[in-house]
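Worksheet: the structure to be examined is printed underneath.
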Amino acid sequence: MPSNLPRFKAAACHTSSVFLDAAKSAEKACDLIAEAASNGASLVAFPESFIPGFPVWAALQAPIMSHGFFRALSAQALRLDSPELTKIRMAAKRHGVVVSVGFTEGTVASLGCIWNSNLLIGQDGSVLNHHRKLVPTFYEKLVWAAGDARGLRVAETPVGRVGMLICGENTNPLARYSLMAQGEQVHISTYPPIWPTRPSNEKGGYDLRKAIEIRAGAHSFEAKCFNIVSSACVDVGMRDALGQANPAMLDMIEGTPHAVSMILDPTGQIISDVLSEGEGIAYAEIDVAHCVEPKQFHDVVGYYNRFDVFSLTIDRSQRDPAVFIEADGSDLADASAQPPHREMVRPVAAELERSVAN
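Numbers given in the numbering used here equal positions in the sequence shown, counted from 1, plus 182.
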């Protein structure tokens with residue numbers, strides 16, 4: 183057991199994207215990283231699909247009306263070596279902070295296959311983890327493809343062992359348990375600005391704020407870890423884009439519950455400001471040593487379990503569209519696959535860092 187567990191300040195950004203503009207959203211992320219770092223933060227989290235924005239139109243109008251939005255989103259989808267993500271990685275290195283950022287990911291294998299992804303970036307600008315949302319939720323299936331388990335990993339960082347899940351994945355007990363079983367100490371949860379399921383004038387619509395509060399408290403309490411919750415918010419740019427395409431969409435989102443950003447401790451208590459309506463950054467001081475005492479009561483990956491009764495196997499193999507067998511007999515995965523591991527992306531990062539330095 184380490185005697186000196188990390189202490190640091192975390193920052194949960196409650197912010198809007200520059201809607202459907204990846205370059206400007208990345209610039210905004212860099213500005214917020216600088217602001218959070220100047221206020222002493224060592225970890226900065228951004229919302230789900232922050233770059234280039236959440237495809238809320240999929241909830242608000244028929245799929246046959248949304249081809250233009252899908253083309254626009256696909257055109258702004260990023261690969262890991264994109265200039266936009268490189269800029270954010272360099273900002274993380276420049277300010278010496280760990281950064282989590284959500285983005286829509288593309289691939290050279292298909293112009294129309296995109297994923298809801300999240301990148302965890304180290305203090306040196308390296309990629310620590312690359313996660314694709316396992317199952318797009320409800321109408322998100324009209325936009326994003328299902329991911330694989332390559333990113334169900336906990337990364338060792340100077341601020342502790344960090345794991346991350348996207349939106350509804352925080353409802354999946356097995357996905358959450360897979361991170362707990364890797365010694366997760368700091369969990370990052372990311373969410374969209376709104377999540378409509380009914381017209382706002384009907385009863386029974388999904389209360390995203392309430393859902394986040396339940397999920398975040400549950401995971402903090404069950405994992406005995408800190409939970410950094412970063413959600414997006416609706417801004418004028420998103421409203422204008424939706425309203426110009428279909429004014430009825432504005433009526434649909436009127437009154438829809440907004441998301442919330444906050445930070446919780448290992449008992450499930452909120453230890454930061456709670457942000458919902460306007461943009462801002464929620465901060466909290468974190469002492470990872472506070473994860474220890476609650477483990478005496480319930481340690482579901484230790485003595486508060488029955489491993490002779492329950493077992494869980496996670497297949498983290500990378501799912502590529504094809505494997506090509508070369509003349510020399512070697513097996514090469516599809517060249518369009520995105521490199522998921524730190525050591526595979528470091529050569530690219532090193533070259534980019536040299537060019538920045540020069």
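Glycine residues also receive a C-beta, built at the ideal position from the N, C-alpha and C atoms.
Own chain, CB closer than 7 Å to residue i, minus 5 neighbours either side, in chain order
{"i": "residue 518", "result": "No answer about residue 518 holds up, because its pLDDT of 47 lies below 50 and its placement is not dependable."}
{"i": "residue 259", "result": "286, 287, 288 and 296"}
{"i": "residue 215", "result": "226, 273, 274, 277, 279 and 281"}
{"i": "residue 294", "result": "256"}
{"i": "residue 186", "result": "none"}
{"i": "residue 538", "result": "Confidence at residue 538 is low in this model, with a pLDDT of 44, below 50, so its placement is unreliable and no value can be given for it."}
{"i": "residue 417", "result": "198"}
{"i": "residue 366", "result": "336, 343, 345, 405 and 407"}
{"i": "residue 190", "result": "224, 225, 341 and 468"}
{"i": "residue 473", "result": "367, 406, 407 and 448"}
{"i": "residue 208", "result": "233, 266, 269 and 270"}
{"i": "residue 544", "result": "What is shown of the chain runs 183 to 540, which leaves residue 544 out entirely."}
{"i": "residue 399", "result": "446 and 450"}
{"i": "residue 391", "result": "439, 440, 441, 442 and 458"}
{"i": "residue 422", "result": "none"}
{"i": "residue 486", "result": "480"}
{"i": "residue 476", "result": "406, 448 and 449"}
Endpoints, alpha helix (DSSP H) assigned at residue i
{"i": "residue 250", "result": "249-257"}
{"i": "residue 260", "result": "It is not in any alpha helix (DSSP H) - residue 260 carries neither H nor E in the DSSP assignment."}
{"i": "residue 213", "result": "204-220"}
{"i": "residue 245", "result": "That residue, residue 245, is in no alpha helix (DSSP H); it is neither H nor E in DSSP."}
{"i": "residue 433", "result": "429-435"}
Cut-off 8 Å between Cβ atoms - residues of its own chain near residue i, not counting five sequence neighbours on either side
{"i": "residue 254", "result": "202"}
{"i": "residue 250", "result": "427"}
{"i": "residue 452", "result": "444, 445 and 446"}
{"i": "residue 217", "result": "463"}
{"i": "residue 397", "result": "352, 353 and 371"}
{"i": "residue 359", "result": "482, 483 and 494"}
{"i": "residue 206", "result": "200"}
{"i": "residue 456", "result": "442, 443, 444 and 464"}
Per DSSP, the bridge partner or partners of residue i
{"i": "residue 189", "result": "469"}
{"i": "residue 280", "result": "225"}
{"i": "residue 487", "result": "Residue 487 pairs with nothing; no bridge assigned."}
{"i": "residue 195", "result": "463"}
{"i": "residue 309", "result": "303"}
{"i": "residue 409", "result": "369 and 446"}
{"i": "residue 286", "result": "298"}
{"i": "residue 314", "result": "299"}
{"i": "residue 233", "result": "285"}
Cut-off 6 Å between Cβ atoms - residues of its own chain near residue i, not counting five sequence neighbours on either side
{"i": "residue 188", "result": "341, 342 and 470"}
{"i": "residue 466", "result": "192, 445, 453 and 454"}
{"i": "residue 242", "result": "431 and 434"}
{"i": "residue 420", "result": "201"}
{"i": "residue 339", "result": "280"}
{"i": "residue 350", "result": "319"}
{"i": "residue 235", "result": "199, 201 and 202"}
{"i": "residue 403", "result": "450"}
{"i": "residue 195", "result": "214, 228, 412 and 463"}
{"i": "residue 437", "result": "382"}
Range of the contiguous beta strand (DSSP E) that encloses residue i
{"i": "residue 415", "result": "Neither: residue 415 is in no beta strand (DSSP E) and is coded neither H nor E."}
{"i": "residue 242", "result": "Counting along the chain, residue 242 falls outside any beta strand (DSSP E), though it belongs to the alpha helix (DSSP H) covering 239-242."}
{"i": "residue 295", "result": "292-303"}
Presumed contact (8 Å Cβ cut-off) between residue i and residue j, rounded CB distance
{"i": "residue 381", "j": "residue 324", "result": "About 19 Å separates the two Cβ atoms, so there is no contact after all."}
{"i": "residue 300", "j": "residue 362", "result": "In fact, because the Cβ distance is near 18 Å, the residues do not count as touching under 8 Å."}
{"i": "residue 162", "j": "residue 378", "result": "No answer is possible for residue 162: it lies beyond the span of the chain, which begins at 183 and ends at 540."}
{"i": "residue 315", "j": "residue 329", "result": "5 Å"}
{"i": "residue 414", "j": "residue 322", "result": "No, residue 414 and residue 322 are not in contact; Cβ-Cβ is about 14 Å, not under 8 Å."}
{"i": "residue 333", "j": "residue 311", "result": "6 Å"}
{"i": "residue 488", "j": "residue 331", "result": "Wrong, their Cβ atoms sit about 24 Å apart, outside the cutoff."}
{"i": "residue 211", "j": "residue 228", "result": "6 Å"}
{"i": "residue 440", "j": "residue 409", "result": "About 19 Å; that fails the 8 Å criterion."}
{"i": "residue 231", "j": "residue 284", "result": "5 Å"}
Which ranges would you report for the alpha helix (DSSP H) in the region 321-396 if only whole runs of at least 4 residues count?
Listed in chain order, they are 355-362.
Which full runs of the beta strand (DSSP E) of 3+ residues lie inside the region 437-483, going along the chain?
For secondary structure counted as the beta strand (DSSP E) over 3 or more consecutive residues, the region 437-483 holds these complete runs in sequence order: 444-446 and 462-469.
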